[in-house]
Amino acid sequence: MKPFIALVTRHRVLAVIAFLLVFPLIMPYSALAVNVLIFGLFAVGLNVLFGYTGLLSFGHAAFLGVGGYLTGISMLSFGLPWWLALPIGVIASALVGLVMGWLAIRTRGIYFSMVTLALAQCVYFIFYKAERWTGGENGLRGIKVEPVQMGGLTFDLLNPLTKYYFILAFVALALWFVSRLLASPFGAVMETIRENEKRAAACGFDVARSKLLAFVLSAAICGLAGGLRALHLSIVPIDSLHYLTSGQAIMMCLLGGMGTFFGPFVGAAAFLLIEEGATNFTSHWQLVTGVVFIVFVLFFPKGIWGSLLERMKRS
Amino acid sequence: MDINLFLLQLVTGLALGSVFVLLALGLSLIFGMLTVVNFAHGAYFMVGASIGAYLYGLTGQFWLSVVIVPIAVGVMGLLTERFLVRPLYGRGIDYPLLLTFGLSYVLVECVRIVFGIDGLQMGTPASLRGAVNIGVGQFPLYRLFLIVATALIVVALWLVIEKTRFGLIIRAGARDPEIVRILGVDISKVWLIVFAIGTGIAGLSGILAAPIRAVNPEMGIPVLAESFVVTVIGGMGSLVGAVVAGLLVGVVYSLTSLYAPDYAEMSIFALMALVLLVRPQGLFGRAGLMS
Amino acid sequence: MSDVILNANRRKILLASAAAGATTVSPFAINFLSAQTPTIKIGFPVPLTGAFGVEAQDQVRAAELAIKEFNDAGGFNGRMAELVVRDDKLNPGEAATRTLELIEKDKVNFIVGSLSAAVQLSINNVTKDRKIIFNSISQSDAINEVKDFSKYTFHEALNPHMTAGAVGRYAFAKYGKKVVFLTADYAYGHEMVRGFQTAGKPMGIEVLADIRHPIGAADYSSFLPRIQALKPDVLCLCNFGRDLLNSVKQATDFGLKSTTKLVAPVLLYTSRVAGGAEAFDGVVGGTSYYWRLEDTVPSAKVLNDRYRKAYAGAVPSDYGALGYAGVKSVLTAVKNAGSVDTDKVIDAMRKLKYDFYKGAQYYRECDHQSVQSVLIVESKSKDMKDKNDVFNIVSVEAAGEARLRSCAELGHKA
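Residue numbers (the working numbering), protein chains in the order written: chain A, 764 to 1078; chain B, 270 to 560; chain C, 49 to 462.
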């Protein structure tokens, strides 16, 4: 078992991608598989801040939403192609992250969570009110990706599997980036801040700046998830900015295991599959999700992946 | 705009703020003492309203419901603390928060199963029905009652905390639980009771709000956000803060509704962001808490 | 007292039907039903969980009735129809995902459903790209407009322009010209205000204020003193469902009913039953259907009787009846077209003249809006025949394209 773990840990990005390549085959339907990719990435983005830097943000829906809206608005209102619109969404998200982060890192602990929540709600209202650009409550509609020509091949995103692999390509890229980030010296700084902020400062790290950088990178990753979601659903619903969406991402992180590389993805998959399974069963699916969640908080605080890792290491 | 309308709007804001005050008191009490951020607070509010509306429908006795509901919801809080929250002490602030987040899902769904998904009917009790002239215009009697009831509850709570031995323990425990433990007080029992009181007040505000709102399983969701805003503005853990901020938020919301109704909802979040940026610990919060 | 007991009974029925709904959602049911001849599958995304669960369950019940009628009559050349129900959770993102599931995995032939403006636009966005017919059974003006419309888009429900217009023409003539709007701040709310204003302009109404409130607000008290001071003849509550219930309840507390007539573009049967006679007493509103229409319209009687027989004496609600009509018109078009081919069914739907439950209807050429009558009802607290008898039908505005926004106004060419 141990060599296997060592192998997976060393080539963690490759391992995830290998798994994700066959993933749609084991899912009930591919739109759900795409949702797992997108929410997995969203949770990975949050995890950079929450799991690795130790800052619990309750406002990350803002980045999912801004990424989605700006990608969509660039395409609809300015007629830009998707490959230009997507980076615009990511950059916009990072900029909003910069402003929110700059304001929020002055506070600590629970106040940090509350400031991020309040600022994200303000973003929500701004987008809600800008009906001309965002469609308001009705959401942004009509985002359409024309078939992509690449090297003589045509990729039509109306084909569900094509869409899955198209989105997987971006998710894989982002995962590789996150993996490099965590392995870099900056990754070590983030974890030091999580473990002991004072010690990090004493070691000569600029704590405030590092926190801000982690915040912005985390926002950018979530922004990418939002942009991809816009391409996937061809709409951007207003509740992608709602604080309950932030709550969902936190639940996913925790369910999978925060502060682990695979955890958020496992959490997103588990969360969506539990919800899917429970919905098919009963209209009281929230009862099932709630109980599962409580059980995890009480008995598996390290999450599915975290607990699994621990057990495998021990054996 | 005419001055009577302004004053009437102010009174409306106070009545609105009364509900906020009650909600924030419970939340702040639990946070100040246990450092638990109770995300199920809105759900307890909803449970209180549902049980209350059901009892009222069954018996026609409003006052009976007002007595039974806080006790019933308080007992639920008791069980929650003992079996769900207690195992999490010492694991950091995130875990109780996440646990209560999950619990709120469960409570909402349980109410849907027990009382149905379309909610319950709850009329205004006959003795408090109708509108009265308060000098500046007609105002619903029930909302006046709400202001008075809140004042009474606040005074009662203040007396308990300031004038009783139990209150002394609470105040000391909020400052330094270790010292209190060393002095031979069973702090876990105190926490249990405080949690029960906090949820009991949430349930009480539920039944008090039930006659003016639609009682349904989703009614706690907006309430949760509002009570957080109030608690954070007042300073988490500060009871004075909860009262002041509750009334402040009620009045701000009410006056924005008059002059710029489009921004009424946003105004309270903007207020919260503003207060936090100027004074991160809230108006009456102690700096350094929970950092 | 008696209200509570009645409510409890009603709840049992709802729980039972929720269980029935759950079985249709179960994947096992699908395997079980797919015999040799492929069934005609109609995807039916509705918000079974969420604030409109009661309405959604009735939509499912009534739609099942339409399916049953079709199958009992031998189906289409022996091909049976099947309803594939999905819970959209009143969430546009979930609805889009569910619609993708229905099209890509369940391979449905048609989609009927939805119970919110945002959700129907989201479903429509997915179906039109994939060339699947979608018959929407909830209200929206936007879906008629050229930006969202496609030839695959049909709109069985009324739209806010029609309902608000009809209610306005009735109420302004009868109760007075000084008007205040209390409007839920989203597209659907604004559309209702526009409908009222278009109807009111030629009548010379005076709008004293248009006050926007946040959607889903729990407390309306802060908006009410101003309205009280303005003393309008008519207060138009341009909101929906629970917002309407809350605002009506609180306006009553403020004593507004003594000076002002409360008017709602859409007065839901289910809201009124949940909210009680006292709060809604005297409120005038519009609706697509109310079961007492059976006193004058034979097809309404037929639907009610079938529904009563199938569901223990209950009557269909407004949105329920829309679920019935939405499914039935698609299936009727299949029979008329002699095919399940999308383009042929579209042609047949465009030619359809139908009277399924409320009198003559047809889909307008340019935007596929179902041209139909609007009922004006007044909520009552006395002289109720039974627990279902909650409204009086005070007026019926006849169907007519003149009551719709013109095709040119919506951006359609000719």
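Here a beta-carbon is modelled for each residue, glycine too, at the ideal position from N, C-alpha and C.
Note that the structure is a prediction, hence the values are computed from the model and not measured.
Is there a Cβ from chain A that is less than 8 Å from the Cβ of residue i?
| i | result |
| --- | --- |
| C/SER270 | no |
| C/LYS153 | yes |
| B/ASP363 | yes |
| B/ALA514 | no |
| C/ARG178 | yes |
| C/ILE159 | no |
| C/ASP196 | yes |
| C/ARG453 | no |
| C/GLY141 | yes |
| B/GLY359 | no |
DSSP state of residue i, grouped into three classes?
| i | result |
| --- | --- |
| B/ARG360 | coil |
| C/VAL73 | Since pLDDT at C/VAL73 reaches only 43, below the 50 mark, its modelled position is unreliable, and the value read off the structure follows with that caveat. Helix at C/VAL73. |
| C/LYS60 | With a pLDDT of only 40 at C/LYS60, under the threshold of 50, the placement of this residue in the model should not be trusted, and no figure is reported. |
| C/VAL131 | According to the sequence provided, residue 131 of chain C is Leu. The question's Val does not apply to it. DSSP places C/LEU131 in strand when its eight states are reduced to three. |
| B/ILE337 | helix |
| C/GLN417 | strand |
| A/TYR745 | No answer is possible for residue 745 of chain A: the residues shown for chain A start at 764 and end at 1078. |
| B/PRO486 | coil |
| C/ARG290 | helix |
| B/THR349 | helix |
| C/ALA205 | coil |
| A/PHE767 | helix |
| C/VAL314 | coil |
| C/MET49 | At C/MET49 the pLDDT is 35, less than 50, meaning the model places this residue with poor confidence and gives no usable figure here. |
| B/ARG355 | helix |
| C/ARG320 | helix |
| C/VAL422 | strand |
Could you give the residue range of the beta strand (DSSP E) that holds residue i?
| i | result |
| --- | --- |
| B/PHE308 | Note, B/PHE308: premise wrong, no beta strand (DSSP E); not H, not E. |
| C/TYR410 | 409 to 411 |
| C/SER184 | 181 to 184 |
| B/VAL401 | 400 to 402 |
| A/GLN1011 | Run containing A/GLN1011: none in the beta strand (DSSP E); it sits in the alpha helix (DSSP H), 1006 to 1019. |
| C/ASN440 | 439 to 445 |
If distances are taken between C-alpha atoms only, which option among the options comes closest to residue i?
| i | options | result |
| --- | --- | --- |
| A/LEU849 | A/GLY860, A/LEU858, A/SER837 and A/VAL859 | A/SER837 |
| C/TYR234 | A/GLU894, A/PRO1000 and A/PHE968 | A/GLU894 |
| C/GLU142 | A/THR816, A/ALA1032 and A/SER1003 | A/SER1003 |
| B/PHE314 | B/ALA478, B/CYS379 and B/ALA514 | B/ALA478 |
| B/LEU277 | C/ASN119, C/PHE202 and C/ILE275 | C/ILE275 |
| C/CYS286 | C/ALA212, C/GLU326 and C/TYR355 | C/ALA212 |
| A/TYR927 | A/ILE984, A/ALA769 and A/HIS995 | A/HIS995 |
| A/VAL862 | A/TYR1006, A/ASN798, A/VAL886 and A/LEU1035 | A/VAL886 |
Ends of the alpha helix (DSSP H) at residue i?
| i | result |
| --- | --- |
| A/ARG895 | 894 to 897 |
| C/PRO140 | 140 to 152 |
| C/ASP106 | 101 to 120 |
| C/HIS238 | 235 to 248 |
| C/ALA385 | 366 to 385 |
| A/LEU861 | 845 to 867 |
For residue i, would you say it is in contact with chain C, using Cβ-to-Cβ distances shorter than 8 Å as the test?
| i | result |
| --- | --- |
| A/GLU894 | yes |
| B/GLN407 | yes |
| A/LEU921 | yes |
| B/SER629 | Examination of residue 629 of chain B is not possible in this model, given that chain B is present from 270 through 560 alone. |
| B/THR281 | yes |
| A/GLU900 | yes |
| A/ILE998 | yes |
| A/LEU882 | no |
| A/THR925 | no |
Taking only beta-carbon atoms, is residue i less than 8 Å away from chain B?
| i | result |
| --- | --- |
| C/THR71 | Any answer about C/THR71 is weak, because its pLDDT of 41 lies below 50 and its placement is not dependable; what the coordinates show is given next. Answer no: the Cβ-Cβ gap between C/THR71 and chain B never drops below 8 Å. |
| C/PHE302 | yes |
| A/GLY872 | yes |
Cβ of residue i versus every heavy atom of the ligand MN: is any distance shorter than 7 Å?
| i | result |
| --- | --- |
| A/ARG957 | What this structure holds is no ligand at all, so the ligand MN is not there to describe. |
How many whole angstroms separate the CB atoms of residue i and residue j, which I take to be in contact at a CB cut-off of 8 Å?
| i | j | result |
| --- | --- | --- |
| C/GLY374 | C/GLU112 | 12 Å between Cβ atoms; not a contact. |
| C/LYS137 | C/THR97 | 5 Å |
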